[in-house]
Amino acid sequence: MELGKDIVVDSWIELQKVLFDHTWDENIQRFRSSYVYRGTWNKSFDLSTSIMRIGSQYDKLEPHLLRNFRKYAYDNANPTGDSIWNWLAVAQHHGLPTRLLDWTYSPYVALHFATADLTKYDHDGCVVCINYVKTSDYLPVPLKRVLEEEGSNVFTPEVLEPIAPSLKALKSFKEEEFVVFLEPPSLDARIVHQYALFSMMSDVKAELSKWLKQHPDLYFRVIIPAKLKWEVRDKLDQANITERVLFPGLSGLSQWLKRHYTHS
Numbered sequence: 001m002e003l004g005k006d007i008v009v010d011s012w013i014e015l016q017k018v019l020f021d022h023t024w025d026e027n028i029q030r031f032r033s034s035y036v037y038r039g040t041w042n043k044s045f046d047l048s049t050s051i052m053r054i055g056s057q058y059d060k061l062e063p064h065l066l067r068n069f070r071k072y073a074y075d076n077a078n079p080t081g082d083s084i085w086n087w088l089a090v091a092q093h094h095g096l097p098t099r100l101l102d103w104t105y106s107p108y109v110a111l112h113f114a115t116a117d118l119t120k121y122d123h124d125g126c127v128v129c130i131n132y133v134k135t136s137d138y139l140p141v142p143l144k145r146v147l148e149e150e151g152s153n154v155f156t157p158e159v160l161e162p163i164a165p166s167l168k169a170l171k172s173f174k175e176e177e178f179v180v181f182l183e184p185p186s187l188d189a190r191i192v193h194q195y196a197l198f199s200m201m202s203d204v205k206a207e208l209s210k211w212l213k214q215h216p217d218l219y220f221r222v223i224i225p226a227k228l229k230w231e232v233r234d235k236l237d238q239a240n241i242t243e244r245v246l247f248p249g250l251s252g253l254s255q256w257l258k259r260h261y262t263h264s
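So in full-length UniProt numbering, spot 117 of the sequence shown is number 117, and the numbers just go up one at a time.
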């Protein structure tokens with residue numbers, strides 16, 4: 001497979017092959033993917049974060065957003081512990097503009113988000129696939145050492161907090177930009193069912209898309225042609241990859257039923 005490239009698929013069968021043929025782990029002789037996935041309905045979308053879209057001063061406003069979120073949300077969304085990383089995950093989960101991007105360990109969940117919006121079926125969709133295990137090669141030595149000692153490939157708030165207790169501390173490790181993958185606490189069933197994790201750049205102004213282009217061996221994109229979206233959507237529904245499952249509760253149920261019964 002050619003990494004750092006766009007792979008256009010022509011069928012459901014080819015889509016499965018492209019998404020799963022990199023999952024064999026020779027060391028343990030099992031199928032264990034070292035990739036995470038992010039689905040979008042438009043292949044032209046980059047990997048900009050929600051905080052980048054609030055205006056030109058977003059980098060200066062980030063600490064104010066988080067400080068006020070913590071102040072006003074404390075009674076309603078008190079995370080386990082008072083780590084900034086727990087609070088950042090809670091904020092992202094509830095729609096606050098942050099430097100985090102949502103990813104999933106499941107290629108099928110990513111496919112859901114690439115095909116969930118029926119009004120966008122005239123656009124080619126995309127699943128971005130990143131080798132999150134290899135991204136740790138570019139971490140600063142102290143962070144890399146912590147992961148090695150933990151025997152993990154990603155951080156949790158509890159693991160990251162002692163070595164980097166703040167956003168400034170994270171950035172201070174080295175001048176060059178780097179990406180951190182962070183598993184959030186199980187805030188609710190949505191996080192669990194979506195098999196979710198976050199990416200986070202060391203600098204709020206850093207763009208993951210640009211960083212990946214400097215490291216093309218770490219990623220590839222699977223392009224889902226518009227003409228294939230209906231087939232992918234119907235087969236995901238048959239596999240029970242739906243809003244009813246991924247967004248547990250009445251809202252997810254309503255979203256699923258509305259989409260399921262929509263017809264031309």
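Ideal Cβ positions, reconstructed from N, Cα and C, are used throughout, including at glycine.
- Taken in chain order, the complete alpha helix (DSSP H) segments of 4 or more residues contained in the segment 105 to 150 are 107 to 115, 132 to 135, 141 to 150.
- The Cβ atoms of Y35 and C129 lie closer than 8 Å to each other.
- DSSP places L96 outside both helix and strand once states are collapsed to three, so it counts as coil.
- The segment 171 to 250 contains, as complete beta strand (DSSP E) runs of 3+ residues, the segments 179 to 182, 196 to 201, 219 to 224 (chain order).
- Here V9 carries a coil assignment [DSSP, helix/strand/coil].
- Boundaries of the beta strand (DSSP E) around Y35: 35 to 40.
- The C-alpha of F198 lies about 20 Å from the C-alpha of P216.
- Secondary structure at D25: strand, using DSSP grouped into helix, strand and coil.
- Following the DSSP letters along the chain, one finds D82 in no alpha helix (DSSP H), marked with neither H nor E.
- It is roughly 10 Å from the alpha-carbon of L250 to the alpha-carbon of L257.
- Judged by DSSP in its simplified three-state form, L101 adopts strand.
- Assignment of F20 by DSSP, reduced to helix, strand and coil, places it in the helix class.
- Between the beta-carbon of W41 and that of H123 there is about 6 Å, and that keeps the pair under the 8 Å contact cut.
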